[in-house]
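To start, the structure under review is shown below, and the notes come after it.
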Amino acid sequence: SSAETSPAQKKSCLNCHPQIAKGRNIHPAVNLGCEVCHSAAGEKEHHKNGGRMRLWNDMPALCFKCHKESEFTGQDIHPPVAKGMCDTCHDPHHSDHRDLLKDEPLELCFKCHAKEKYTRKYVHKVALGGCGARCHDPHSSDYPRLLSAQVGDMCIGCHRLQQSGMHIVALPGGRVHPISGVADPKNRKKEMNCVSCHNPHSSNYERLFTTKRKCVRCHKY
11 SSAETSPAQK KSCLNCHPQI AKGRNIHPAV NLGCEVCHSA AGEKEHHKNG
61 GRMRLWNDMP ALCFKCHKES EFTGQDIHPP VAKGMCDTCH DPHHSDHRDL
111 LKDEPLELCF KCHAKEKYTR KYVHKVALGG CGARCHDPHS SDYPRLLSAQ
161 VGDMCIGCHR LQQSGMHIVA LPGGRVHPIS GVADPKNRKK EMNCVSCHNP
211 HSSNYERLFT TKRKCVRCHK Y
């Protein structure tokens, strides 16, 4: 039998569930008909299930009927995605927010990530645009922490004075500070990068330093 919902069936669903087709953004699947995602159920069975319509398949397999699975299977996967919890962030029917999100991007992220870590005295301007605006992929990535590129490459995308690989601030003796190619003072097994000294989200210290008087933690003047 066809998986499409007839106009009469669709109208019948909306008689009880008018909110499904309301909102600034409607999931295209809704316009194709309820039975694209849900299996048919008689009225008695429908009420027996607490008003829920059984899905043809569990998420995310159901979502992958339309969305490319390869875009959600990078080396680093956002935990809700890995667990197939698409509806943790997205409404499957409608939303007043872009991409069918359940809330504004930043507020949605704060439902799992502690807001105080991102709203200290000094906030990285790019973070105000939302985590996925430039730095993180909300689903999966081939880079750590769901970054869209390596840390250094991410930073010099905006901070072009550091493209040479050397920090702009001069050290005693006329030296300039490296931002790669040396061991991280905090962890000698890792290579130093921008976040060795700066918090990429927010900080209580100027220039987004991770601690007070950051330079003297490593350098003696």
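So that you can map any letter, position 80 of the sequence shown is 90 in my numbering, and since no number is skipped, the others follow by simple counting.
Quick reminder that beta carbons are idealized off the backbone N, C-alpha and C, glycines included.
Measuring C-alpha to C-alpha distances from Gly140 to each of Leu156, Cys122, Leu118 identifies Leu118 as the nearest. Taking C-beta atoms under 8 Å as the contact rule, Gly142 and Pro102 fail to qualify, at a distance of about 19 Å. The continuous stretches of alpha helix (DSSP H) do not include Ala137, and DSSP gives it neither H nor E. Nearest in C-alpha terms to His107, of all of Ile189, Arg34, Cys73, is Arg34. Note that the C-beta distance between Thr220 and His208 is below 8 Å. When only Cα atoms are considered, Asn25 and Ala31 end up about 11 Å apart.
Only residues of its own chain outside the window of five on either side were considered, and among them Asp194 have a CB closer than 6 Å to the CB of Lys200, listed in chain order. The region 77 to 85 makes contact with the region 148 to 156, as at least three CB pairs between them are under 8 Å. If you check the CB distance, His48 and Leu65 come in under 8 Å. The beta carbons of Ser213 and Asn203 sit no closer together than 8 Å.
Listed in chain order, the beta strand (DSSP E) runs fully inside the region 152 to 228 are 176 to 180, 186 to 188, 197 to 201, counting runs of at least 3 residues. Secondary structure at Asp86: strand, using DSSP grouped into helix, strand and coil. In the DSSP assignment, His48 is bridged to Leu65.
Beyond the five residues adjoining it in sequence on each side, Val136 comes within less than 8 Å, by CB distance, of Ala143, Arg144, Cys145, Cys168 in the same chain, given in chain order. Rounded to the nearest angstrom, the Cβ distance from His211 to Leu156 is 14 Å, too far for a contact under 8 Å.
Separation of Met176 and Lys224 (C-alpha to C-alpha, rounded to the nearest whole angstrom) is 18 Å. One alpha carbon belongs to Lys112, the other to Pro188, and they sit about 42 Å apart. In the three-state reduction of the DSSP assignment, Leu111 falls in the strand class.
Under the criterion of beta carbons closer than 8 Å, Val133 and Val205 do not qualify as touching, at roughly 15 Å.
In this chain, the alpha helix (DSSP H) harbouring Leu42 covers 38 to 42.
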